[in-house]
Amino acid sequence: MPKQFVIGIDLGTTNCGFAYAEPSAITDAHRLPEVAIFAVSQLVNPGEVRAEDLLPSSLYLPGEMDFPEGATALPWNGAPMHVAGVLAQKRGVERAQRLVSSAKSWLSHSGIDRTSAILPANAPEGAPRVSP
3 MPKQFVIGID LGTTNCGFAY AEPSAITDAH RLPEVAIFAV SQLVNPGEVR
53 AEDLLPSSLY LPGEMDFPEG ATALPWNGAP MHVAGVLAQK RGVERAQRLV
103 SSAKSWLSHS GIDRTSAILP ANAPEGAPRV SP
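Throughout the sequence shown, residue numbering follows the working numbering, covering 3 to 134 in sequence.
Shown next, in the form of structure tokens:
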């Protein structure tokens, strides 16, 4: 029989976290399964991918001159249009008008079209935007 896992996903406003446990590995009925964190590979610096326990809920929408060519390449996508996670959070401190954070909180805002590309709210004219 293949292994079965219980998976936990927290899509938080500030960070996302992922964990898993293998209940079938328990031999003592009075013990809980060990929970393991699933580290998420992400850019932590330009050109540096590393697995981290948390994925910051941050998306950076780079302009043409924000990063040198290839600096945002990921093992699964050589030229992503956006940067997510640790590097997005870091770069967003420097250029907040290109950072989307706390996007989840916009989903309950009844006064906006939540499917429209409105974020980042303070983006300059012509800058890329995404929907919450």
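Beta carbons: idealized from backbone N, C-alpha and C, even for Gly.
By how many angstroms is the C-alpha of residue j removed from the C-alpha of residue i?
i: GLU36; j: GLY10; result: 13 Å
i: SER59; j: SER26; result: 32 Å
i: LEU116; j: ARG93; result: With the sequence shown as reference, residue 116 is identified as Arg, and Leu is not the correct amino acid for it. Cα to Cα, the separation comes out at about 25 Å.
i: GLY87; j: VAL8; result: 24 Å
i: VAL132; j: ALA90; result: 15 Å
i: ILE28; j: GLY14; result: 30 Å
i: ALA21; j: ASP12; result: 9 Å
i: ASP68; j: HIS84; result: 11 Å
Let me check understanding here. Comparing Cα to Cα, which of the options lies closest to residue i?
i: GLY19; options: SER26, THR29, PRO25 and GLU54; result: GLU54
i: GLU24; options: LYS5, THR15, ARG52 and ASN17; result: LYS5
i: GLY72; options: GLU50, ALA123, ALA125 and ALA21; result: GLU50
i: ARG97; options: SER107, PRO122, THR16 and SER118; result: PRO122
Comparing the C-beta of residue i with each C-beta of chain B, is any distance below 8 Å?
i: ALA81; result: Of the protein chains in the structure, only one exists, and it is not chain B.
For the ligand COA, any of its heavy atoms closer than 7 Å to the Cβ of residue i?
i: LEU61; result: This structure does not include the ligand COA; it has no bound ligands of any sort.
Using the three-state DSSP reduction, which class does residue i fall into: helix, strand or coil?
i: ARG93; result: helix
i: GLN99; result: helix
task: Would you check if the segment 76-96 and the segment 32-51 touch, i.e. whether three or more CB-CB distances between them fall below 8 Å?
output: yes
- prompt: Okay, do the segment 48-65 and the segment 22-36 touch, 3+ Cβ pairs below 8 Å being the bar?
  reply: With fewer than three CB-CB distances shorter than 8 Å, the segment 48-65 does not count as touching the segment 22-36.
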